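Q:
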Amino acid sequence: MRRKQPSAVAGDPCNSVFLVGFMGAGKSSVGRALGERLNWVFEDLDNRIEAREGRTVAEIFRDSGESEFRRAERAALEAVLLELRGGGARIVALGGGAFVQKDIAALLKEFGAPTIFLDAPVEELWQRCSTQAAESGAERPLLRNREHFRKLYGTRRRSYAKALLRIQTGGRPLETIAAEIAAKLKLKEIALRTEEGEVE
Ligand code: S3P
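Using the numbering used here, the first residue of the sequence shown is number 1316, and each one after it goes up by one.
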């Protein structure tokens, strides 16, 4: 079988990118598109939290509260950073509140990998999240009502703006956004090798 394998990559912070921004900004969809474009691994930090804790984000919020979720979020990020120090290339999408936490922002700053703030008009963010909730039942504990959503976005925006780059996602195809990030950061595609060692 000619299974494709990423070729070896040096492990340094330039081989990882962290996507930040509010709920509905497209962190996971853009991250996945960017990962496919570059043959980099894509990871959603919320998924890692759920795997480590053995329960969903919604269950953590409901049963243990937001502060316990933030503790788990930080611990999950520390685990990711530890792995990245060992090598590999990865796109990581953070949950909407992560980069707002001072300790998490400090960890990322110290690590030195680029952070990208994905942004869109707040009304579009709201529409995307409420549509996702209606269509797929996606449960977001902090998605309450339009008024609360707007307010929370307003209080967090200044923190997101501390990211290295800000990219607009409103009304733009995922591929265009991924191409813009790859070009701005000069990210390199990883050559895939077949088991016979041919580069494709
Ligand atoms: C949160 C956003 C969620 C998730 C958690 C908290 C937030 O992630 O981490 O519900 O504080 O904004 P998404 O931004 O992927 O929805």
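All C-beta atoms, glycine included, are put in the ideal place defined by N, C-alpha and C.
All values derive from a computational prediction rather than experimental measurement.
With a Cβ-Cβ cutoff of 8 angstroms, do E1354 and E1504 count as a contact?
A: Translated into positions along the sequence shown, residue 1354 becomes position 39. Translated into positions along the sequence shown, residue 1504 becomes position 189. According to the sequence provided, residue 1354 is Asn. The question's Glu does not apply to it. Cβ atoms of N1354 and E1504: closer than 8 angstroms.
Q: Is the beta carbon of I1431 less than 8 angstroms from the beta carbon of L1360?
A: Numbered from 1 along the sequence shown, position 116 holds the residue referred to as residue 1431. Numbered from 1 along the sequence shown, position 45 holds the residue referred to as residue 1360. Going by C-beta atoms, I1431 is not nearer than 8 angstroms to L1360.
Q: Compare the C-beta of V1395 against all C-beta atoms of chain D and say whether one is closer than 8 angstroms.
A: Among the chains of the structure shown, chain D does not appear; only one protein chain is present.
Q: Let me make sure I understand the geometry here. Which of V1335, E1511, E1450 has the alpha-carbon closest to that of A1408?
A: Start at 1 with the first residue of the sequence shown, and residue 1408 comes out as number 93. Closest option to A1408, Cα to Cα, is V1335.
Q: At which residues does the beta strand (DSSP E) containing V1332 begin and terminate?
A: Residue 1332 sits at position 17 when you count from the first residue of the sequence shown. Element bounds for V1332: 1331 to 1335.
Q: Would you identify the three-state DSSP class for A1435, choosing helix, strand or coil?
A: Along the sequence shown, one-based indexing puts residue 1435 at 120. Three-state result, A1435: coil.
Q: How is L1507 classed by DSSP in three states: helix, strand or coil?
A: Start at 1 with the first residue of the sequence shown, and residue 1507 comes out as number 192. If DSSP states are grouped into helix, strand and coil, L1507 belongs with the strands.
Q: What is the residue span of the alpha helix (DSSP H) that L1399 lies within?
A: If you number the sequence shown from 1, residue 1399 lands on position 84. Taken as a continuous stretch (DSSP letters only), the alpha helix (DSSP H) holding L1399 covers 1381 to 1400.
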